[in-house]
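J.: My questions will all concern the structure given below.
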Amino acid sequence: MRTTLTIDDDILSAVRALAERERRSLGEVLSDLARRSLTNRPQTPARTGFPVLPVSNPDAVVTTEIVNQLREELE
């Protein structure tokens, strides 16, 4: 499918270089990059409109005491 896009010069240069290295067309490389970007996006669930961020230790508990201590340190 043909379409017209406005692409930043640095992105176009990088995609051209990648296409040359892989001996593929510019369109093939752009399609592949877009497809990977769209399918590998981590889905961040939202609760009450706020994103839920991943944590390194799901067993850790943030108490009001910890929050108040951090708030005092910032003042």
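Using the working numbering, the first residue of the sequence shown is number 325, and each one after it goes up by one.
Glycine included, each C-beta is placed from N, C-alpha and C at the ideal position.
Source: prediction; values computed, not measured.
Could you pull out every residue in the same chain whose Cβ sits closer than 8 Å to the Cβ of residue 352, ignoring the five residues on either side in sequence?
T.: Within the sequence shown, numbered from 1, the residue matching residue 352 stands at position 28. Contacts found: 343.
J.: Quick check: what's the CA-CA separation for residue 391 versus residue 361?
T.: Locating residue 391 in the sequence shown gives position 67, counting from the first residue. Locating residue 361 in the sequence shown gives position 37, counting from the first residue. Straight-line Cα distance between these residues: approximately 36 Å.
J.: Do residue 400 and residue 359 have their C-beta atoms within less than 8 Å of each other?
T.: Residue numbering for the chain in the displayed model covers 325 to 399; residue 400 lies beyond these limits and cannot be assessed.
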